[in-house]
Structure formats: C-alpha cells, structure tokens
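Line by line, the protein sequences give chains A and B.
Take the first sequence: its letter number 123 is residue 122 in numbering that gives the first Met the number 0, and every next letter is one higher.
Take the second sequence: its letter number 140 is residue 139 in numbering that gives the first Met the number 0, and every next letter is one higher.
To start, the structure itself, in structure tokens.
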Amino acid sequence: MMGFASLMGRSLKARLIATFLGLLLVVQLAGFSALRASLSTHAHQELPARLDVGDRVLHSLLTQRAQKLTDGARLLAADFGFREAIHSKDTDTIVSALENHGRRIGAMRVALYDTALALQASTGDDLETLAPLAARLAGQVMRPGNAVDSTTSEIGLLSDQPYQFVMVPIKAPVVVGWVLMGFPIDERLVSDMQALAAVQVTLLTRTHATDAWQVKLSSMSRDHTEGLSKHAWGPLQAGSGMTSVKANGEEFSVHPRWLTIDADHGSVLALTSLSVDAATRIPHDLQVALLVTTVISCLVFGVGSSLTAHRMITPLHRLSAAADRLGAGDYATPIGDEQREDEIGHLSQAFERMRVSVSAQKEEILKLAYWDTITGLPNRAQFRDAVCSAIAAEQQKHAAPASSAQPSVAVLMLDLDRFKHVNDVLGYRFGDLLLMQVAERLAQQLVRGGDMVARIGGDEFAILLRSGDAELAQTVARRIATAFDAPLTLEEHTVDMGAGIGMACWPQHASDADMLISRAELAMYSAKQRSAGALMYDPKIDAASAQTLSLLTEMRQAVSDNQLRLFLQPKLSLGTGAVVGAEALVRWQHPQRGLVPPMQFIPFAEQTGFIRVLTIWIFEEAARHWRMLHAEGLMITLSVNLSTRDLLDQDLPQKFEALLVKHQVPAEAFCLEITESAIMDDPQRALATLNRLSALGFTLSIDDFGTGYSSLAYLKRLPVDELKIDQSFVKSMETDPDDAKIVRSTIDLAHNLGLTVVAEGVENARTWDMLRELNCDQAQGYHMGKPMPADTFANWSVGWLTRHRPVDVVSAVILH
Amino acid sequence: MLPLLLCGSAQAGSVAVNVTDAAGKPLPLAVVSIEPVTAKLAVQPSAPTQVAQSKRQFVPRVSVVTVGTSVAFPNQDTVRHHVYSFSPTKNFELKLYSGVPAQPVLFDKPGIAVLGCNIHDQMAAWIVVVDTPFYALTSAEGHARVNAVTPGSYRVKVWHPGLPGNSDGVSQALTVGAADIEQAMRLDVGVNPLGPQP
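This is the structure:
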C-alpha cells in the first residue's frame with residue numbers, strides 16, 4: 000500500500016517535472032523559431048542593402064585606388080630623372096626607366112606612348128593590345144574641362160590578367176608623351192572588401208564574349224566560385240540589382256558590376272555576393288548562448304519543479320498516511336495540515352471533517368450495534384460479549400489457587416406474554432413504552448453491580464448474573480415474577496404483564512457463552528409452553544427442542560403417512576342435553592414418540608404456515624366423518640378452527656367448496672371457529688374471507704371470546720353466528736363471581752346480537768347448571784366429553800344419550 | 000649677304016600676318032617666320048637676350064631668336080629655379096640657382112626649345128630658334144609685321160604653343176614682291192596655354 004502510494008507519488012512528481020520542462024522547451028523552441036524567422040526576415044531585408052553597400056564599397060575602392068594610382072603615376076611622370084631617361088632616345092634605357100619607376104609605385108606593366116599615342120616602349124609583352132584602352136584614357140585625360148588631377152583609370156585584361164590601368168601625360172613641361180601604368184588587381188582588393196563591407200568578392204574575366212568566365216580572384220571557396228562562374232552573366236544584367244544564384248547547393252545573392260565590357264579585348268566582371276543561407280543562419284555564438292540558456296533554464300526549472308512537486312506531494316503523502324490510519328480504524332489522530340490556507344489545507348480540512356464524522360458515525364454504529372435504541376439497554380451482541388467476559392473472568396478466578404468458591408455464571412431469559420397483542424391493539428408506540436417500563440422494572444431487580452439486563456429481541460430480555468449460581472438465578476426469577484405481578488399502568492391503560500423465564504448456569508448447563516444463552520432460551524420457551532413461569536434448564540428440554548427441529552419434515556411425513564388422527568370433542572345443547580355438534584381436533588400419532596400433544600406442533604405449524612395443510616386435512620377428514628356420522632343418523636355440526644394464515648388465504652373458500660362437493664356435505668354441516676386475534680392481524684382481508692365463507696353457508700364462530708380486545712362494534716360487522724366464551728372465564732365462574740358476571744353479560748350480549756353462545760371448559764356439573772341457568776346455548780368440556788378419536792364418536796354419542804336418556808331430546812334432535 | 004639685305008631692304012616690302020585662333024580671335028605670341036623656299040639665308044645671331052624668371056613665371060613666355068644666339072636666364076625671384084629643356088633643339092639644364100647663371104645658354108640649332116622649371120611645374124617657356132632673318136611675334140592684336148623682306152619665294156610659318164603635340168607650325172607659300180603683303184593665318188588653337196596662369 001505504501002509502496003503503491005509512493006510509486007504514484009513519484010509518477011505524479013515525474014509528470015509535474017516533465018510538464019514544466021516540456022513547457023519550457025516549447026517556449027524555448029518558440030523563441031528559437033521566432034528568432035530564426037526574425038533573423039531570416041531581417042536578413043532578407045538586409046541582403047540587398049548589404050550587397051548594395053558592398054558594391055558601392057567596391058566601386059569606391061576601385062575609384063580610390065585609381066586616384067591613388069593616378070597620383071602616383073602623375074608624380075612619377077613628373078620625375079625629372081624619368082623624364083630625362085625618356086628623352087635619352089635609348090630604348091633599353093627607356094625600358095629600364097619604365098620598369099624601375101613603375102616598380103616604385105607597384106605598376107607591373109608600364110608603357111610609353113608619344114603624343115600621337117604610338118607605343119614607344121613597354122615592359123613585358125602584349126601591350127599593343129591596349130591601344131584602344133590607351134586612346135580612351137588619353138582622350139579622357141585631355142578632354143577639355145577635365146580637372147588637372149581628375150582620375151582616369153580603366154580596368155582591362157592584359158595577358159589574361161585583370162589590371163587597373165591609369166594613363167598620365169609626361170610634361171616637360173608641355174605634354175611630350177604618355178605613360179600607361181598597369182596595376183594588377185590582387186588579393187588586397189578582396190581583403191579590403193571583406194574588411195570594409197563584409198561581403199564576398201569574386202572577379203571573373205574572359206577574353207572574348209564567347210569564352211567561359213575564369214575566376215581570377217575570390218574570397219569564396221573554389222566550389223562556390225565555380226558555381227558563380229557558370230552563371231550566365233549577360234551584359235544586360237549590368238547595373239541591374241541583385242541576382243540570386245545557386246552555387247554548390249548554397250544560395251547566394253549576387254550583385255554584378257561590369258568593370259570592363261569589351262567583346263574583343265576582354266571583359267572583367269566583379270561580383271559582390273552574400274550567402275543567403277549564412278545570413279539566415281543563426282550565428283554560432285548565438286546558438287551556443289541559446290543552448291546554454293536552455294540548459295541552465297532546464298536545470299533551474301528541473302530543480303524548481305522538483306522542489307515544487309516535492310512541496311506539493313509531501314502533504315499528499317501525509318494525507319495518504321492519514322487516510323491509511325483512518326482505514327486501519329485510528330480515528331483519534333488528527334489529520335494535520337488543516338492550518339494551511341491552500342488546496343492541500345482544504346483537502347486536509349475535508350479529511351479532518353471526514354475523520355470526525357466517521358468517528359461519530361462509528362460511535363453511533365457501535366451504539367446501534369451494542370445498544371437497544373428503545374430501552375437503552377445493551378442488545379444481544381453486547382449481552383453475548385458480557386457473558387463471554389463473565390465466563391472468562393470466572394475461569395481466571397477459578398485458576399487462581401486462593402479461590403475456593405465454585406465458579407458460576409447464570410443467565411436468565413425472559414419473554415413477555417401477549418406482547419404481540421399489546422402491540423396489535425394498542426399500537427407500536429404503546430408497545431415501545433411498555434418495553435421501556437419492563438426494562439425499568441427488570442433493572443430495578445438487579446441490586447448487584449456488574450449484572451446486566453439486555454433486550455435481545457422483540458419482547459425478549461436477558462439478565463446476566465456474574466458469579467451467579469442456580470440459586471441466585473431462582474431468587475432473581477422469583478423477584479421478577481413478583482415485580483410483574485403488579486400491572487403496568489401506561490396512559491390510562493392497565494396492562495397485566497406476564498413472562499416466561501428460562502434460566503441456565505455455566506458451567507453446569509453449558510461450556511461456553513453461546514451455549515449458555517441458547518440453553519437459557521430453550522428453558523424460556525419451555526417455560527412459556529408449559530406456562531410454568533420460571534424454569535431452570537434441564538437436558539430433557541433440550542431433547543424436546545431437538546425434536547421440534549425436525550418437526551416440519553416429520554409433519555409433512557405425518558400427512559402423507561396418515562399419522563394424523565381426527566379427534567372430536569362433543570358440543571352439547573344445554574337446553575336438551577343433546578349432542579348438537581363436535582369440535583374437530585387433530586392429533587398426531589407419531590410412530591416412535593406416540594401421541595404428540597397439539598401444543599408441540601400446532602404453534603410450530605402456525606409459525607411455518609403448515610397450519611394451512613393441517614386445516615385442509617382436518618376439514619376434509621371432518622367432512623368424511625360427517626358423512627359417516629350422518630349415515631349413522633347423527634345430525635351434528637362439526638367445528639373446524641381457522642388460523643390467521645387460513646383467513647389470509649384467498650383461495651380457502653374455494654378449497655372448502657371443492658371439498659364439500661367432493662364429499663357431498665352441505666356447508667351447514669360446518670362451523671368455522673376463528674379467534675379474535677386471527678381476525679385482527681389483517682381485518683380487511685379476514686373480513687373478505689369471512690364474508691365469502693358466510694355466503695357459502697358456513698356457520699362462523701368467534702373462538703376464545705373475551706381474551707382479545709375486539710370491540711363489540713367491530714364484532715357486529717362480522718358475519719358470525721356464534722360466540723365461544725373462553726374457557727378461562729368458564730372454568731373460574733364457579734369460584735369467581737366476576738368471571739360469572741362476565742359469562743352472564745357475554746351470553747346476554749350475544750343473545751341480544753342474535754348469536755348462539757357456546758361455553759368452553761365445562762368441567763363439572765355445577766358449571767353446567769350455572770350455564771343452563773344463564774341460558775347459554777351450548778357447552779363443551781371434559782365434564783361431558785374429552786376430545787376422542789373420531790371413529791369412537793358415534794359410539795360415545797349413543798352412550799351419552801343412553802346415560803342421560805334424553806329420549807325426547809334425542810328424538811327431537813333426530814327428527815330435526 | 001649684307002648687300003642683299005640692303006638691296007632687299009631697298010626694294011623690299013613688308014609682310015604683315017594676322018593670326019587668329021580656332022575661334023577666329025586674334026592670337027598673340029604666335030611666332031611667324033618666313034623662310035625662303037630655296038637656299039638658306041645667312042643669319043646673324045641675335046643680340047644676347049634673356050628669359051628671366053619672375054614671380055615663378057618665365058618672362059617672356061615665348062621668344063624668337065636666330066641660330067647662335069645666347070640666352071641668359073636671370074632669376075629675379077627669391078626662390079631658386081631649375082631650368083631645363085629636353086627639347087632636341089637645345090637640351091640643357093641649369094641646376095638650382097639664384098641670380099644670373101654664369102654662362103648664358105647658346106641656342107645653336109633651329110627648332111623649338113620648351114623650357115621648364117623642375118621644381119615649378121607650372122612654369123613653361125618656349126624659345127623658337129629660327130635660321131631666317133624674317134621673323135616676328137604677333138602682338139596682342141594678333142598682328143605681326145616683318146619688314147624689308149627680300150622679294151622671292153618663301154614659306155611663311157606660324158607656330159604657337161597652343162598647337163597640339165609635335166606640330167612645328169602651320170606654313171604657307173608666300174611670294175614676296177615689292178608691295179607689302181598682308182596675310183591672314185588661322186591656327187587650330189583651342190585653349191591658349193599662355194592664358195592667365197592659375
């Protein structure tokens with residue numbers, strides 16, 4: 000993780016540096032290009048001017064030279080000795096004087112003409128070819144109006160070499176002849192040109208117009224001058240400005256100047272030239288300077304951007320480390336860098352806010368995870384932890400040699416009775432208030448510090464007794480039972496609370512915390528099943544509970560293997576004592592366990608929805624038996640219990656109808672019993688089902704009336720025909736005048752609503768009689784008959800009638 | 000010789016020559032000499048004469064002497080002069096001197112001697128040496144008159160420094176009788192070298 004983070008850091012840093020340097024290079028390149036373009040433009044603009052200057056410098060140089068040579072020649076011609084020699088008439092003397100005096104001023108070729116311009120003597124050969132030139136020069140010198148010191152010079156070819164010729168008269172003191180002096184045009188012209196005008200000079204000559212140009216002098220390399228000499232320099236170009244010539248792959252701007260144009264005696268062409276490429280090229284020292292600048296700025300930028308990147312990335316590393324700390328669960332250490340004003344500071348502040356927020360949320364989550372929000376008690380998770388630590392503490396204590404006490408931890412589990420009904424009837428808010436009250440009461444029972452009350456489920460509470468043994472657990476359980484004796488009063492409602500309590504102890508019942516809790520839970524379920532109040536865990540319970548685990552599979556098997564038995568409990572007319580009906584009940588004849596009591600599988604079937612299968616089974620079985628009983632002459636109504644799930648089954652009326660058709664039984668043969676609470680789960684759907692059942696012709700009965708909270712107004716809307724008073728009232732009406740009053744008023748009420756009243760739980764004759772006096776319609780109970788196998792019902796009926804001989808009644812019933 | 004001259008003088012007429020330049024203007028200081036077509040006339044050297052140097056100029060600029068005449072070159076300036084002549088008529092040289100040189104220069108050949116000063120280029124003078132007694136210089140009006148010319152066939156020759164190059168003048172045939180002759184001569188002289196010197 001760190002390695003990855005640092006790698007990313009390096010890469011970000013590298014990217015930053017690369018970006019900086021890239022931008023710098025782009026700027027440098029742009030600058031370089033701009034410089035280059037500017038230089039090029041400048042050079043192109045400057046070239047003609049420079050060439051023009053060069054040309055003028057050339058012209059000026061030649062003129063100056065001519066002036067200088069003229070002056071020199073003039074002085075020489077005035078030399079007395081020279082003039083004396085000339086007049087010696089001795090040719091050798093004259094020639095040697097010409098050579099000697101010519102050498103004085105650097106004239107390589109000297110010729111003497113008489114006043115008629117006839118060549119008298121000369122140094123070297125070929126001087127006769129210069130006759131036209133001499134004539135021109137003499138003419139210019141003698142031209143009227145010419146100043147005495149005016150320059151007259153011409154450039155010409157002599158023996159293929161370019162010379163600058165000047166001609167001066169020899170005066171003694173009048174003109175007695177002419178002397179022509181030829182000065183070779185040499186490298187000095189080229190070096191002077193370069194020194195003065197920084198241009199290249201090339202001198203081309205040709206003897207005849209048809210000849211090729213010969214390079215006589217040049218400041219340029221041979222390759223380039225060759226290129227220039229091959230150019231077709233025509234006379235027309237004389238005086239025209241610049242010409243572009245490509246020589247040896249390089250472009251030159253050339254300014255030609257014709258020094259002599261003579262088709263027969265030779266032409267001399269001077270070319271001033273400049274390399275266009277060299278002019279547009281960035282000078283070498285500037286290139287070096289730019290390169291050095293680039294390198295230095297790259298270094299500066301590199302170091303600068305590296306430092307900047309470092310400054311930017313270091314806090315990022317810190318943040319990354321802080322994020323890792325957060326990830327590892329350390330919310331206590333502040334992020335740091337929050338004081339910074341920049342973006343990093345903002346990020347740090349955001350991280351800090353996140354840290355605080357996550358920390359708070361973590362606490363909240365912990366609270367949610369370990370605390371029950373309604374009661375504020377620890378929840379199941381915390382309870383479990385507490386049990387674990389209690390056991391660990393006990394083990395430690397036991398390990399200590401000084402301790403003699405037997406280690407023990409006790410857990411109590413508590414499930415409120417009828418809490419669901421309270422929630423259903425009085426609402427969840429009320430239910431929550433009730434839970435809080437219960438929590439308070441439970442807490443009050445714990446006087447020892449370190450013990451814990453927790454809410455571990457909907458209406459389940461748990462109590463941990465550290466170092467508590469079975470005896471202590473029993474004591475606490477008793478205290479709780481006592482505390483629950485007093486009804487709770489909440490918002491003008493008085494609620495009678497009861498609870499099933501299960502207890503288990505470590506190490507007797509369990510080897511660890513989970514087992515301890517689950518065993519206490521088992522004991523609690525068992526206590527509730529048996530309505531036994533408080534129950535200490537017993538291995539037998541565990542066996543029973545293990546049995547329930549495979550119950551569903553076994554129940555399915557029970558249906559398919561015909562292990563279920565239909566039992567009937569008679570309903571008798573209190574008026575005539577006749578058997579008017581029977582409640583159809585299911586019993587399970589388990590192949591191994593024998594007869595399984597309904598309490599062991601009916602609640603489970605209701606929980607799992609298997610009850611619908613059972614209901615159909617009971618209905619069909621009842622229909623079958625009704626046919627048989629009918630055949631034997633018993634005209635009775637069979638009652639079948641419907642559960643909540645049955646009522647919510649939209650197809651139930653259809654299924655019943657199909658079964659009626661199948662077994663050819665009228666709907667009137669059945670009474671369908673529904674508990675109040677079954678209706679209350681979803682009153683609308685329940686009502687719809689009931690209406691359809693009623694329309695089919697079934698008699699409907701409210702079972703266990705008095706235990707629920709149904710209002711009479713609501714009852715009135717139900718399509719019921721019968722009320723069954725809960726056996727709890729009936730059983731105690733003999734001893735409790737209040738219950739008797741309830742029974743009486745219920746009977747009256749039901750009659751007033753036009754309902755038949757059935758009393759359940761009639762266990763003795765006294766009750767029978769009381770009910771008769773109260774005009775109750777029918778009775779059901781052990782006093783008359785326990786639930787019996789359906790097969791035996793017919794015989795029992797005969798026996799019952801025989802024992803009580805209500806012949807008239809029987810016949811009346813039969814006749815009915 | 001003398002009788003002829005005398006005779007001549009007795010019967011002779013004068014020859015007047017009007018010399019004009021190329022533009023037709025009177026040309027002063029032109030040398031007019033009249034030479035017989037045949038035979039030579041005996042000439043006497045002229046009286047010794049002089050060409051002085053004054054204010055860095057030769058004075059006079061143009062002189063005419065007969066063969067055998069000695070000419071002195073007195074220097075009247077404070078600076079020295081170096082008078083020379085490369086002319087075949089008389090090649091001489093008077094190296095830097097002041098005052099009057101010891102020896103005058105004898106002009107013993109006919110021809111034109113051009114005199115210069117080696118240290119003052121602008122100085123020039125011409126001495127025309129003739130071997131005829133009939134000669135004259137034109138006046139400022141371009142007139143030259145030669146008196147007492149013995150009748151006979153002559154060539155009249157006019158020369159002027161302004162003539163180009165090696166020209167030794169323009170000559171014309173002339174027959175002299177008893178009467179005076181007036182002759183007009185035109186010389187192709189454009190620029191007069193004897194004009195005002197700079």
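A virtual CB, placed ideally from N, CA and C, is assigned to each residue, including glycine.
By DSSP, does residue i sit in helix, in strand, or in coil?
i                      : result
residue 49 of chain A  : helix
residue 445 of chain A : coil
residue 751 of chain A : helix
residue 371 of chain A : coil
residue 366 of chain A : helix
residue 334 of chain A : coil
residue 215 of chain A : strand
residue 767 of chain A : helix
residue 81 of chain A  : helix
residue 237 of chain A : Confidence at residue 237 of chain A is low in this model, with a pLDDT of 48, below 50, so the placement of that residue is unreliable and no value is reported for it.
residue 49 of chain B  : strand
residue 260 of chain A : coil
residue 72 of chain B  : coil
residue 703 of chain A : strand
residue 886 of chain A : Nothing can be reported for residue 886 of chain A, as the shown portion of chain A is limited to 0 through 815.
residue 813 of chain A : Summary for residue 813 of chain A: the model assigns pLDDT 38, below 50, so the residue's position carries little reliability; its value from the coordinates is reported in the next sentence. Here residue 813 of chain A sits in helix by DSSP.
Following the continuous alpha helix (DSSP H) through residue i, name the residue where it begins and the one where it ends.
i                      : result
residue 381 of chain A : 379–398
residue 800 of chain A : 789–803
residue 620 of chain A : 610–630
residue 313 of chain A : 283–326
residue 187 of chain A : 186–196
residue 662 of chain A : 651–662
residue 489 of chain A : No alpha helix (DSSP H) contains residue 489 of chain A, which is instead part of the beta strand (DSSP E) from 487–489.
For residue i, which residues does DSSP report across the bridge?
i                      : result
residue 415 of chain A : A:498
residue 17 of chain B  : B:142 and B:183
residue 715 of chain A : The partner list for residue 715 of chain A (beta bridge, DSSP) is empty, contrary to what the question assumes.
residue 180 of chain A : A:109 and A:165
residue 269 of chain A : A:202 and A:256
Candidates the options: which alpha carbon is nearest residue i's?
i                      : options                       : result
residue 92 of chain B  : A:94, A:503, A:518 and A:83   : A:83
residue 170 of chain A : A:199, A:320 and A:111        : A:111
residue 386 of chain A : A:455, A:340, A:342 and A:343 : A:455
residue 213 of chain A : A:166, A:165, A:189 and A:265 : A:265
residue 580 of chain A : A:615, A:621, A:611 and A:525 : A:621
residue 486 of chain A : A:415, A:462 and A:675        : A:415
residue 599 of chain A : A:665, A:524 and A:616        : A:524
residue 16 of chain B  : B:177, B:165 and B:136        : B:136
residue 56 of chain A  : A:366, A:192 and A:107        : A:192
residue 422 of chain A : A:458, A:195 and A:269        : A:458
residue 171 of chain B : B:146, B:31 and B:24          : B:31
residue 230 of chain A : A:270, A:333 and A:198        : A:270
Mind checking which residues open and close the beta strand (DSSP E) that includes residue i?
i                      : result
residue 108 of chain A : 108–113
residue 114 of chain B : 110–116
residue 779 of chain A : 777–779
residue 80 of chain B  : 80–84
residue 189 of chain B : No beta strand (DSSP E) contains residue 189 of chain B, which DSSP labels as neither H nor E.
**Q.** the segment 106–124 of chain B / the segment 111–126 of chain A touching (three or more Cβ pairs under 8 Å)
**A.** no
(Q) Against chain C, which members of the segment 81–93 of chain B pass a CB distance test of less than 9 Å? (A) Reference to chain C is not applicable here, since the protein chains of this structure are A and B.
Q.
With three or more C-beta pairs closer than 8 Å as the rule, is the segment 558–573 of chain A touching the segment 783–798 of chain A?
A. yes
Q: Could you tell me whether the segment 41–48 of chain A touches the segment 269–280 of chain A, where touching means 3 or more Cβ pairs closer than 8 Å?
A: yes
(Q) Tell me whether the segment 461–476 of chain A and the segment 531–538 of chain A touch, counting them as touching only if at least three CB pairs, one residue from each stretch, are closer than 8 Å. (A) yes
**Q.** Given 8 Å, three or more beta-carbon pairs between the segment 388–400 of chain A and the segment 434–442 of chain A
**A.** no
Q) Does the segment 23–39 of chain A come close enough to the segment 156–175 of chain A that 3 or more CB-CB pairs lie under 8 Å? A) no
(Q) Between the segment 714–733 of chain A and the segment 742–762 of chain A, can you find at least three pairs of beta-carbon atoms closer than 8 Å? (A) yes
Q. Does the pairing of the segment 482–499 of chain A with the segment 418–438 of chain A give three or more beta-carbon distances under 8 Å?
A. yes
Q. Three or more beta-carbon pairs under 8 Å between the segment 27–41 of chain A and the segment 299–315 of chain A, yes or no?
A. no
Q. So, do the segment 178–186 of chain B and the segment 44–55 of chain B have three or more beta carbon pairs nearer to each other than 8 Å?
A. no
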